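*Asks:* This structure is in structure tokens; I'll ask about it shortly.
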Ligand code: SF4
Ligand code: SF4
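In this note's numbering, the protein residues as written are 107 to 470.
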């Protein structure tokens, strides 16, 4: 069960250290997966006046340590359970942000704070897309789970996905989903997470015979791992599973462009086949696709970026260099959160927006 205490035995081998984005910029054992696990053990035995109580929070829950753990520990679940247990140690800004993380507020957020510098997310990217009605018979139905950023903050992500799916002949159903709840899970508020899970599961059960497409790997991971639903597809995965994608490629034709691929942590660390983003781009004729030898976290991590902006920024800087974004390459990702973060330092796109833009250029 989520939040339940998990017994673990860390081998202290240190294999995870190399993969941890926070440790890689902080270079302190406290901020390594191994260090956090050791501190959790101590914290659970005695109430130590820890100097750095935020060691549990200053972590992106990216899953890189878990994927590379010699002892096969479910590290992110251990962290989530202990965040819930020591919730009072959450940074104040995170506690406040979670209070406002509601559908109604997110709807207003973009319009209220778009021009106010220093307000988190005030640098949201803008795209110039005009969606025409597609005169095509829509045969099959799919359900769209856009996620909070795609639904409220960068709505072009959702609109572009609908446009591409319509072109493939899919009627897209967009029920009134709420947040998947991962921000609350990550903030240790299990009660609120369970409430959102119940609300969304009720809607998902109404459509259980249809494929559900998510535009956010974190949402996808949450619906599968923590809700227990199966018929859930990430957008790039769904496009590549359908032979219809060839029709999109035909319509795009040949393009001259240089892009870098940013594979999100929750995609690369929790999906069995994270190659779909790469395939969606490299199958386009004429495009020059660069993929770094080793993908690096962008440093967003949801509430992490507002709770620890300096560390988040240091991680972002490394990621931008790794993607060669400063050489004028566009960065394409399939995570709305990574898009928010990468847009601070580069021209970045969500895959749905990139495809929709190219399709519109070719078929004005
Ligand atoms: S989840 Fe990511 S940030 Fe957190 S300890 Fe593991 S590798 Fe580091
Ligand atoms: S790789 Fe796993 S077992 Fe080894 S130190 Fe890291 S958390 Fe412990």
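Backbone N, C-alpha and C define an ideal beta-carbon position, used for all residues, glycine too.
Bear in mind that the values here come from a model prediction, so they are computed numbers and not experimental data.
Measuring alpha carbon to alpha carbon, tell me which residue in 128, 277, 352, 434 is nearest residue 390.
*Replies:* Position 284 of the chain shown holds residue 390. Residue 352 is the option with its Cα nearest to residue 390.
*Asks:* Since residue 360 sits in a beta bridge, which residues does DSSP pair it with?
*Replies:* The residue labelled residue 360 in the question sits at position 254 within the chain shown. Partner(s): 391.
*Asks:* Does the beta-carbon of residue 422 have 16 or more other beta-carbons within 10 angstroms, so that it is buried, or is it exposed?
*Replies:* Here residue 422 is taken as the residue at index 316 of the chain shown, counted from 1. It counts as buried.
*Asks:* Checking contacts by CB at 8 angstroms: is residue 263 closer than that to chain C?
*Replies:* Checking the listed chains, one finds no chain C in this structure; it contains a single protein chain.
*Asks:* Could you tell me the distance, in whole angstroms, from the CA atom of residue 418 to the CA atom of residue 404?
*Replies:* As a working mapping, residue 418 is identified with position 312 in the chain shown. As a working mapping, residue 404 is identified with position 298 in the chain shown. Straight-line Cα distance between these residues: approximately 8 angstroms.
*Asks:* Ignore the nearest five residues each way along the sequence and tell me which others in residue 169's own chain have a CB closer than 7 angstroms to its CB.
*Replies:* The residue labelled residue 169 in the question sits at position 63 within the chain shown. Cβ within range, chain order: 182, 371, 372, 375, 376.
*Asks:* Any chance the CB of residue 173 is under 7 angstroms from a heavy atom of ligand 4?
*Replies:* Absence of ligand 4 is noted for the structure shown, with ligand 1 and ligand 2 being the only ligands found.
*Asks:* Within the same chain, show all residues whose beta-carbon is closer than 8 angstroms to that of residue 246, passing over the 5 residues directly before and after it, in chain order.
*Replies:* In the chain shown, residue 246 corresponds to position 140, counting from 1. Closer than 8 angstroms at Cβ, skipping near neighbours: 275, 276, 277.
*Asks:* What residues in its chain sit with their C-beta under 8 angstroms from that of residue 346, if we drop five residues either side in the sequence?
*Replies:* Within the chain shown, residue 346 is the residue found at index 240, counting from 1. Within the same chain, residue 346 has close Cβ partners 382, 385, 386.
*Asks:* With a threshold of 16 other CB atoms inside 10 Å of the CB of residue 464, please say whether the residue is buried or exposed.
*Replies:* Position 358 of the chain shown, counted from the first residue, corresponds to residue 464. With 16 or more Cβ atoms within 10 Å of its Cβ, residue 464 is classed as buried.
*Asks:* Quick check on residue 251: does DSSP put it in helix, strand or coil?
*Replies:* Locating residue 251 in the chain shown gives position 145, counting from the first residue. Reduced to three states, the DSSP call for residue 251 is strand.
*Asks:* Would you kindly work out how many angstroms separate the C-alpha atoms of residue 471 and residue 307, rounded to a whole number?
*Replies:* With the chain covering 107 to 470 only, the question about residue 471 has no answer from this structure.
*Asks:* Pull up the distance between the alpha-carbon of residue 126 and that of residue 459, whole angstroms please.
*Replies:* Position 20 of the chain shown, counting from 1, holds the residue named residue 126. Position 353 of the chain shown, counting from 1, holds the residue named residue 459. Cα to Cα, the separation comes out at about 30 angstroms.
*Asks:* Starting from residue 339, trace the beta strand (DSSP E) both ways and give me its first and last residue.
*Replies:* Walking along the chain shown from the start, residue 339 turns up at place 233. Here the beta strand (DSSP E) through residue 339 covers 338-340.
*Asks:* Using a Cβ-based criterion (distance less than 7 angstroms to any ligand heavy atom), does residue 184 qualify as near ligand 2?
*Replies:* Numbered from its first residue, the chain shown carries residue 184 at position 78. Because no heavy atom of ligand 2 lies under 7 angstroms away, the Cβ of residue 184 does not count as near it: no.
*Asks:* For residue 369, which three-state DSSP category applies?
*Replies:* By 1-based counting over the chain shown, the position of residue 369 is 263. Coil at residue 369, not helix or strand.
*Asks:* Closest to residue 180 by CA distance: which of 112, 433, 429 is it?
*Replies:* On the chain shown, residue 180 is found 74 positions in, with the first residue counted as 1. When each option's Cα is compared against that of residue 180, the closest is 112.
*Asks:* Buried or exposed for residue 263, please, with buried defined as at least 16 other CB atoms from any protein chain shown within 10 angstroms of its CB.
*Replies:* Taking the chain shown and counting its residues from 1, one reaches residue 263 at position 157. Label assigned to residue 263: buried.
*Asks:* Pairs of beta-carbons, one from the region 429-438 and one from the region 357-369, closer than 8 angstroms: are there three or more?
*Replies:* Yes, since at least three Cβ pairs between the region 429-438 and the region 357-369 fall closer than 8 angstroms, the two stretches touch.
*Asks:* Taking the C-alpha atoms as reference points, what is the distance between residue 452 and residue 431?
*Replies:* Looking up residue 452 in the chain shown gives position 346. Looking up residue 431 in the chain shown gives position 325. Cα to Cα, residue 452 sits roughly 6 angstroms from residue 431.
*Asks:* Measure the Cβ-Cβ separation of residue 248 and residue 316 and say whether it is below 8 angstroms.
*Replies:* Taking the first residue of the chain shown as position 1, residue 248 is located at position 142. Taking the first residue of the chain shown as position 1, residue 316 is located at position 210. Yes.
*Asks:* Could you check what DSSP says for residue 133 in three-state terms: helix, strand or coil?
*Replies:* Taking the first residue of the chain shown as position 1, residue 133 is located at position 27. Residue 133 falls in the coil class under three-state DSSP.
*Asks:* Who are the near neighbours of residue 191 in its chain, counting only those whose CB is closer than 6 angstroms to its CB and skipping five residues on each side?
*Replies:* Here residue 191 is taken as the residue at index 85 of the chain shown, counted from 1. Excluding sequence neighbours, residue 191 sits near nothing in its chain.
*Asks:* Closest to residue 252 by C-alpha separation, out of 238, 267, 243, 201, would be which residue?
*Replies:* Within the chain shown, residue 252 is the residue found at index 146, counting from 1. The shortest C-alpha separation from residue 252 is found at 267.
*Asks:* Exposed or buried, residue 122, counting other C-beta atoms within 10 Å across all chains shown (16 or more means buried)?
*Replies:* Within the chain shown, the letter at position 16 stands for residue 122. Its Cβ being crowded by 16 or more others within 10 Å, residue 122 is buried.
*Asks:* Please state if the CB of residue 230 and the CB of residue 342 are separated by a distance shorter than 8 angstroms.
*Replies:* Reading the chain shown from its first residue, position 236 is the one you call residue 342. Reading the chain shown from its first residue, position 124 is the one you call residue 230. Cβ distance not < 8 angstroms, so residue 342 and residue 230 don't count as in contact.
*Asks:* Tell me whether residue 126, by its Cβ, gets closer than 7 angstroms to a heavy atom of ligand 1.
*Replies:* Position 20 of the chain shown, counted from the start, is the residue given in the question as residue 126. Flag set: Cβ of residue 126 near ligand 1.
*Asks:* Helix, strand or coil: how does DSSP classify residue 313 here?
*Replies:* Taking the chain shown and counting its residues from 1, the one referred to as residue 313 is at position 207. Coil.
*Asks:* Taking the Cβ atom as the reference point for each residue, do residue 320 and residue 309 lie within a distance shorter than 8 angstroms?
*Replies:* Your numbering for residue 320 matches position 214 in the chain shown. Your numbering for residue 309 matches position 203 in the chain shown. Their beta carbons are not under 8 angstroms apart, which means residue 320 does not touch residue 309 by this criterion.
*Asks:* Quick check on DSSP: helix, strand or coil for residue 472?
*Replies:* Since the first and last residues shown for the chain are 107 and 470, residue 472 lies out of range.
*Asks:* By a C-beta neighbour count over all protein chains shown, 10 Å radius and 16 as the cutoff for buried, is residue 303 buried or exposed?
*Replies:* The residue labelled residue 303 in the question sits at position 197 within the chain shown. So residue 303 ends up on the buried side.
*Asks:* Ordered along the chain, which non-local residues of its own chain (more than five positions away) have a Cβ less than 6 angstroms from that of residue 224?
*Replies:* Sequence index remark: in the chain shown, residue 224 carries index 118 (1-based). Residue placement at residue 224 is poorly supported in this model, since its pLDDT is 44, which falls under 50; the coordinates are not used for a value here.
*Asks:* Inspect the beta-carbon positions of residue 240 and residue 272 and report whether they are closer than 8 angstroms.
*Replies:* Along the chain shown, read from residue 1 onward, the residue named residue 240 stands at position 134. Along the chain shown, read from residue 1 onward, the residue named residue 272 stands at position 166. Closer than 8 angstroms, so yes.
*Asks:* Assign residue 468 to one of two classes, buried (16 or more other C-beta atoms within 10 Å of its C-beta) or exposed (fewer than that).
*Replies:* For this step, residue 468 is matched to residue 362 along the chain shown. Exposed, because fewer than 16 other Cβ atoms sit within 10 Å of the Cβ of residue 468.
*Asks:* When you compare the CB positions of residue 141 and residue 147, do they come within less than 8 angstroms of one another, or not?
*Replies:* The residue you call residue 141 lines up with position 35 of the chain shown. The residue you call residue 147 lines up with position 41 of the chain shown. Their beta carbons are not under 8 angstroms apart, which means residue 141 does not touch residue 147 by this criterion.
*Asks:* Hey, would you say the C-beta of residue 189 is under 7 angstroms away from at least one heavy atom of ligand 1?
*Replies:* Residue 189 sits at position 83 when you count from the first residue of the chain shown. Result no, Cβ not under 7 angstroms from ligand 1.
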